[in-house]
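Below is one structure, written out as structure tokens; the observations come after it.
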Amino acid sequence: MPLTNGTVVFSNLVTPDTAFGNEAFSLTVSLTDDEATQLSEAGVKIKEYKKDADSEPVLQRSFKTNYKLKPSDVVDAEGNPFDLSQELPRGSLVRVQWPARTPHPIHGVGAYISKLRILELAEDTGGAFEEGF
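Under my numbering, the residues of the sequence shown are numbered 12 to 144, in order.
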């Protein structure tokens with residue numbers, strides 16, 4: 012199965028993302044150019060996020076699952092079980108394993124989480140305001 016490294020932007024792995032009527036668990040990650048190219052070549056569609064008109068675009072992809080990940084599906088950098096009892100903090104470095112599938116002619120390849128490795132856990136800021144706000 013393909014692997015993709017990314018930095019957590021939004022984590023909805025403990026509580027499903029119910030925005031827009033969805034009930035899926037999801038993880039949105041920002042990608043390096045190389046990771047985005049590999050996903051794109053595999054038929055996965057990549058989104059660009061721009062904070063404003065003057066900012067550089069950030070390449071992103073959401074990985075989803077209809078079911079909460081089992082404890083055996085989430086490990087730390089050394090391969091030890093990781094207790095996913097809280098959402099992953101923004102900025103955490105992760106590796107997502109996802110199944111390669113036949114591309115849909117319009118939507119491309121669906122990106123579903125099979126397994127997750129937490130490579131580096133970011134400090135949880137608790138949604139604190141940035142300095143100078």
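Note that the Cβ used here is the ideal one computed from N, Cα and C, for glycine as well.
By how many angstroms is the C-alpha of residue j removed from the C-alpha of residue i?
i, j, result
"Thr26", "Lys75", "12 Å"
"Ile117", "Ala53", "14 Å"
"Leu95", "Gly102", "16 Å"
"Glu46", "Tyr123", "16 Å"
"Thr48", "Ile57", "9 Å"
"Gly32", "Asn23", "14 Å"
To which residues of the same chain is residue i closer than 8 Å at the C-beta, ignoring the five residues directly before and after it?
i, result
"Glu59", "Pro68, Val69, Leu70, Gln71"
"Val86", "Pro92, Phe93, Lys126, Leu127, Arg128, Ile129"
Comparing alpha-carbon positions, which option in the options lies nearest residue i?
i, options, result
"Asp84", "Val105, Asp65, Phe31", "Val105"
"Val120", "Val19, Val55, Leu132", "Val55"
Identify the continuous beta strand (DSSP E) that holds residue i and give its terminal residues.
i, result
"Thr113", "Premise fails: Thr113 is in no beta strand (DSSP E) and is neither H nor E."
"Thr48", "Careful: Thr48 lies outside any beta strand (DSSP E), inside the alpha helix (DSSP H) at 44-52."
"Phe74", "69-76"
Let me know if residue i comes out buried or exposed under the rule of 16 or more other beta-carbons within 10 Å of its beta-carbon.
i, result
"Gly17", "buried"
"Asn77", "exposed"
"Thr39", "buried"
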